[in-house]
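In our numbering, the protein residues as written are 7 to 337. We put the CB at the ideal spot given by N, CA and C, even for glycine.
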């Protein structure tokens with residue numbers, strides 16, 4: 007079956023999350039480099055980083071130039087480009103290596119940090135087994151398992167080297183899923199720079215035995231992830247609106263602003279707008295216009311006219327630019 011990236015993101019709030027009979031401690035903090043290194047040093051056992059090669063021109067060579075050995079989680083024989091841009095395991099036993107990788111992780115979401123008492127070879131073998139996971143096949147209609155229907159799964163690439171992806175999934179996993187994800191690992195720390203910063207998850211002591219086979223994400227878990235991701239985007243764009251349009255949002259209570267933001271986001275998506283930045287721009291224009299854009303015939307015509315040379319995202323940027331020109335001319 008075809009592979010596709012699963013890149014779903016959400017923030018783990020500061021709390022203890024009950025998962026059936028399992029407790030997982032997920033804490034979130036804002037850290038500077040020194041505090042982050044201190045947090046890493048509190049983890050027991052050998053430390054490792056799974057680094058995302060996609061954030062670098064050639065991560066293996068760049069690390070080698072600094073005397074740092076890295077080991078790909080992809081075997082040779084496939085696409086060299088995919089291997090170069092994929093996950094690389096780095097041993098953080100030396101303080102200078104740990105500091106360098108931590109500094110990189112402060113700048114961009116390029117690493118997931120693991121502690122694993124069983125050692126690097128065992129962790130490497132485990133991580134390779136979660137490079138792909140099973141999710142409900144989206145190509146099959148009503149593939150939700152409702153009633154007596156069987157669920158058909160497809161094997162997809164699981165970007166567990168992306169801290170934003172890990173932050174999303176781990177807060178939604180049940181006990182068996184957590185056991186399969188952690189494997190021999192004892193704890194992880196990620197810097198989800200777009201979703202709240204640094205987070206730590208410690209392996210619960212009462213996890214069930216690890217199940218054999220691929221990590222499986224059931225429809226209910228997937229819906230929970232999607233819902234959490236959407237709620238996070240609503241809150242993030244709402245915060246942006248308060249910052250960008252304070253005069254228009256000051257008197258709007260949070261629940262009402264979240265409701266309006268959700269509505270405006272759905273409008274943008276219905277027009278085919280894809281990027282969060284441009285969805286936020288559409289929401290901003292709607293807040294400034296008091297929600298009247300959806301009734302403006304000229305705007306509707308501009309957003310719906312068939313012209314493949316202008317994507318919906320481009321049209322939103324053009325609308326905002328023209329609105330700003332008009333506002334400057336009227337002042």
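Cβ-based neighbour list, residue i, same chain, cut-off 7 Å, excluding 5 preceding and 5 following
i	result
residue 334	none
residue 193	49, 121, 206, 207, 208 and 209
residue 125	52
residue 268	240
residue 294	251 and 254
residue 190	122, 124, 128, 129 and 132
residue 3	This structure gives no information on residue 3, because the portion of the chain shown stretches from 7 to 337.
residue 282	239
Same chain, Cβ closer than 8 Å to residue i, neighbours up to 5 away in sequence not counted
i	result
residue 43	104, 105 and 108
residue 330	none
residue 99	52 and 53
residue 9	Note that residue 9 scores a pLDDT of 34, beneath 50, so its modelled location is shaky and nothing firm can be said.
residue 64	90
residue 68	62
Bridge partner(s) assigned by DSSP for residue i
i	result
residue 159	142
residue 133	Answer by DSSP bridge pairing: none, since residue 133 is not bridged.
residue 352	Here the chain comprises residues numbered 7 to 337, so residue 352 is not present and cannot be evaluated.
residue 53	121
residue 195	119 and 206
residue 177	Per DSSP, none; premise fails for residue 177.
residue 342	This structure does not reach residue 342, given that the chain is present from 7 up to 337, and the question cannot be answered.
Same chain only: Cβ atoms within 6 Å of residue i, ignoring 5 sequence neighbours per side
i	result
residue 322	279, 284, 287 and 288
residue 359	Nothing can be reported for residue 359: it is not among the residues displayed for the chain, which extend from 7 to 337.
residue 114	61
residue 325	none
residue 134	79
residue 277	309 and 318
residue 216	185 and 186
Assigned exposure category for residue i - 16 Cβ within 10 Å defines buried
i	result
residue 261	exposed
residue 316	exposed
residue 47	exposed
residue 178	buried
residue 144	exposed
residue 169	buried
residue 424	This structure cannot speak to residue 424, because the chain is shown only from 7 to 337.
residue 97	buried
residue 297	exposed
residue 165	buried
residue 173	buried
Next on the checklist: Please give me, in chain order, every unbroken run of the alpha helix (DSSP H) with length at least 4 that falls completely inside the segment 200-270.
Outcome noted: For the segment 200-270, whole alpha helix (DSSP H) runs of length 4 or above, ordered along the chain, are 225-250 and 252-255.
Item to check | In chain order, each beta strand (DSSP E) run of at least 3 residues that lies wholly inside the segment 84-120 | outcome: Segments of the beta strand (DSSP E) lying fully in the segment 84-120: 93-97.
Item to check | Cβ pair count under 8 Å reaching 3, the segment 217-232 against the segment 189-201 | outcome: Remark: fewer than three beta-carbon pairs, one from each stretch, lie closer than 8 Å, so the segment 217-232 and the segment 189-201 are not flagged as touching.
Checklist entry - Taking one C-beta from the segment 153-165 and one from the segment 77-85 each time, how about it: are there three or more such pairs within less than 8 Å? => result Touching, no.
Checklist entry - Quick one: any contact between the segment 250-260 and the segment 200-217, if contact means 3 or more CB pairs under 8 Å? => result Contact fails between the segment 250-260 and the segment 200-217, because fewer than three Cβ pairs, one in each stretch, are under 8 Å apart.
Checklist entry - Are the segment 177-191 and the segment 237-247 touching, with three or more C-beta to C-beta distances below 8 Å? => result Because the criterion of three Cβ pairs below 8 Å is not met, the segment 177-191 and the segment 237-247 do not touch.
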